[in-house]
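Report on one structure; see the data block that follows.
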Amino acid sequence: MEQLNYKVLKASGYKGYILEDAPVKVMQFGEGNFLRAFVDYWFDMANERAGWNGKVTLVQPIAQGLTDFVNKQEGLYTLYLRGSQNGQKVNDKRVISSVKNCINPYTKEGFEALLELARSKDLEYIVSNTTEAGIVYDPDTKFDQEPPVSFPGKMTKVLYERFKAGLDGVVILSCELIDANGQVLKQIVNRHIDEWGLGEDFKTWVNEKNLFCSTLVDRIVPGRIRDPKEVQELEQENGYSDPLTDVGEVFGVWYIEGPKELEDKLPFKKSGLNVHVVPEVAPYKKRKVRILNGAHTGFVLGAYLAGYDIVRDCMHDDVIRNYMNKMLQEEVIPILPLDKADCEQFAAAVEDRFNNPFVDHQLMSISLNSTSKWKARNMPSLLEYVEKFGKLPQVLTMSLAAYIAFYNSDVQRREADGLICKRPAGNEYKIQDDAFVLDFYFAHKDDDVKTLVHAVLTNEEFWGQDLTKVAGLEDATVKNLTLIKDKGAKAAYASVL
306 MEQLNYKVLK ASGYKGYILE DAPVKVMQFG EGNFLRAFVD YWFDMANERA GWNGKVTLVQ
366 PIAQGLTDFV NKQEGLYTLY LRGSQNGQKV NDKRVISSVK NCINPYTKEG FEALLELARS
426 KDLEYIVSNT TEAGIVYDPD TKFDQEPPVS FPGKMTKVLY ERFKAGLDGV VILSCELIDA
486 NGQVLKQIVN RHIDEWGLGE DFKTWVNEKN LFCSTLVDRI VPGRIRDPKE VQELEQENGY
546 SDPLTDVGEV FGVWYIEGPK ELEDKLPFKK SGLNVHVVPE VAPYKKRKVR ILNGAHTGFV
606 LGAYLAGYDI VRDCMHDDVI RNYMNKMLQE EVIPILPLDK ADCEQFAAAV EDRFNNPFVD
666 HQLMSISLNS TSKWKARNMP SLLEYVEKFG KLPQVLTMSL AAYIAFYNSD VQRREADGLI
726 CKRPAGNEYK IQDDAFVLDF YFAHKDDDVK TLVHAVLTNE EFWGQDLTKV AGLEDATVKN
786 LTLIKDKGAK AAYASVL
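Residue numbering for the sequence shown follows our numbering, starting at 306 and increasing by one per position.
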């Protein structure tokens with residue numbers, strides 16, 4: 306089977322949209338599965354729908370990467386967007402042609418190609434996703450390194466090359482999963498400018514002629530197809546082999562923090578895509594954390610005790626699905642600082658995303674570090690609900706009891722990397738969390754319900770405050786935890802519907 310390139314694709318009889326030649330308008334630090342299923346997909350759609358007529362050059366961010374694969378395929382790769390939409394199974398295939406090539410800056414030829422692209426008059430955007438560890442200040446990064454060690458160092462070098470060429474600035478779109486990603490990158494670039502003595506004129510140009518945008522990305526990207534049989538079947542169906550095949554969920558949204566005029570500059574609005582320029586991304590991050598992530602942490606621990614193992618199966622249980630939806634619709638959305646209809650639409654998409662027939666999302670993988678997750682995702686909603694309505698939210702309050710039950714279900718032993726418990730079905734499971742959390746629950750494994758609840762709620766190392774001061778919360782949690790232990794988690798969930 307021949308490997309994908311333009312000639313092979315034409316011979317395969319592919320009928321979808323393809324753009325073979327266009328100027329490179331985007332430099333992208335990162336060539337992994339996420340950016341190829343997310344950013345490069347949006348630009349590909351903009352080419353088709355709005356005639357944007359642009360290409361992306363990928364830059365390999367670390368010494369080992371996909372440059373040879375990408376270039377062998379002339380930038381082409383197959384993307385499958387899979388999931389559930391409005392309750393219907395979706396499996397869409399698209400060959401992405403927005404990528405031109407990939408540069409490995411760790412070779413002499415590649416580093417020179419990077420600087421040449423920096424000097425291009427066609428370049429308009431720099432995109433990055435170098436992981437959470439990418440946007441960091443590294444004192445070992447030096448200007449004369451080829452390339453500089455850190456990503457912010459490389460960015461400073463690229464911008465300096467562009468400045469020396471007398472060119473306009475660019476729009477920088479940071480996709481790393483850290484708060485204020487664009488602004489943190491800008492701060493580190495400015496620090497390098499000062500430390501490397503690159504001059505006030507350059508610093509002024511960086512800060513006045515370039516737009517550093519913080520962004521919020523949202524699409525689950527499983528990436529590779531791992532089943533050899535499915536790979537073989539797709540090769541036969543497509544008429545080519547493609548080791549760069551990528552898989553993402555159908556849902557995707559990109560929030561970009563910037564001025565209103567940026568929306569007209571970017572090609573996404575005119576393409577009708579789910580990409581939005583907003584004054585600040587923080588409220589949308591809050592929405593994602595409280596609704597999407599909060600839903601996970603809110604129901605999975607009790608659902609696991611009730612006998613479920615993957616998220617999709619939970620969505621087929623009326624009690625658990627309705628429990629989740631009540632939490633979102635009646636307790637979380639009413640306290641969010643965003644348009645209610647917008648939040649409801651996002652929440653409706655969550656059920657479809659959790660019901661993805663192509664992804665077996667394990668509840669135990671979601672349970673990792675549930676103490677800090679409940680604190681960040683669910684506790685703020687509970688406290689804000691109490692403050693706004695003067696009463697406890699029933700489902701969020703139950704989720705606290707379910708969390709305690711999960712950490713206290715027939716505790717067996719403490720191991721070096723976890724706390725071993727046993728769920729009602731009889732099988733053992735390993736809780737993984739901070740050592741002080743696991744030590745606490747092991748020390749309290751023989752407590753009665755009332756003693757345990759009091760110890761958990763007063764543990765300020767967990768919550769940053771004493772939760773027994775929330776009126777009625779301690780009594781309600783004792784009642785809920787007792788119900789979970791006596792009747793089971795599913796019956797306890799049903800009791801608040």
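Note that beta-carbon positions come from the ideal geometry of N, C-alpha and C, so glycine has one too.
The residue among Thr-763, Gly-793, Val-754 with its C-alpha nearest the C-alpha of Val-783 is Val-754.
In the three-state reduction of the DSSP assignment, Lys-696 falls in the coil class, being assigned neither a helical nor a strand state.
The three-state reading of DSSP puts Leu-668 in helix, counting H, G and I together.
Boundaries of the beta strand (DSSP E) around Asp-523: 516–523. Comparing alpha-carbon positions, the option among Pro-584, Pro-444, Gly-415, Val-583 lying closest to Thr-372 turns out to be Gly-415. For Asp-397, the uninterrupted beta strand (DSSP E) segment begins and ends at 393–401. A residue is called buried once 16 or more other Cβ atoms fall within 10 Å of its Cβ, and Ser-670, having fewer, is exposed.
In the displayed model, Thr-702 falls within a helix according to three-state DSSP. At the C-beta level, Leu-641 and Arg-592 come within 8 Å of one another.
If one requires a minimum length of 3 residues, the beta strand (DSSP E) runs lying completely within the segment 357–435 are 360–364, 382–390, 393–401, 404–408, 430–433, in chain order. Going by beta carbons, Leu-420 and Ile-408 fall outside the 8 Å limit. If you ignore the 5 residues before and after Val-364, its C-beta comes within less than 7 Å of the C-beta of Met-332, Gln-333, Phe-334, Ile-408, Pro-410, Leu-419, all in its own chain and listed in chain order. In this structure, Phe-711 places its C-beta atom within 8 Å of the C-beta atom of Ser-675. Annotated three-state conformation of Ser-455 is coil, per DSSP.
Rounded to the nearest angstrom, the gap between the Cα atoms of Phe-659 and Ile-525 is 11 Å.
With a beta-carbon spacing of about 17 Å, Tyr-442 and Ile-477 fall beyond the 8 Å limit used to define contacts.
Excluding five sequence positions before and after Phe-374, the CB atoms of its chain that fall closer than 7 Å to its own CB belong to Pro-548, Leu-549, given in chain order. Leaving aside the five residues that flank Lys-462 on each side, the residues in its chain whose CB is nearer than 6 Å to its CB run, in chain order, Pro-453.
Ranking Asp-506, Cys-480, Asp-657 by CA distance to the CA of Asn-391 puts Asp-657 first. Per DSSP, Gln-333 lies in no alpha helix (DSSP H); the unbroken beta strand (DSSP E) holding it starts and ends at 329–334. For the 8 Å CB-CB criterion, Ala-781 and Thr-702 form a contact.
Of the other Cβ atoms in all chains shown, fewer than 16 fall within 10 Å of the Cβ of Ala-368; this residue is therefore exposed. In the DSSP assignment, Cys-648 falls within the unbroken alpha helix (DSSP H) covering 645–659. DSSP places His-581 in the strand class (E or B) of the three-state scheme. Looking at Asn-732, Lys-696, Asn-627, the one whose alpha-carbon comes closest to that of Asp-614 is Asn-732. DSSP places Asp-618 within a helical segment (H, G or I) once states are collapsed to three. DSSP places Leu-778 inside the alpha helix (DSSP H), whose first and last residues are 778–792. For Gly-723, the uninterrupted beta strand (DSSP E) segment begins and ends at 723–727. From the listed residues His-497, Leu-464, Thr-520, the smallest Cα separation to Ile-483 is found for Thr-520. Within the segment 526–589, the runs of beta strand (DSSP E) at least 3 residues long that lie entirely inside it are, in chain order, 551–554, 558–562, 580–583. Contact check for His-759 and Glu-779: beta-carbon distance about 7 Å, within the 8 Å limit, so the pair qualifies. Secondary structure of Gln-308 (DSSP, three-state): strand.
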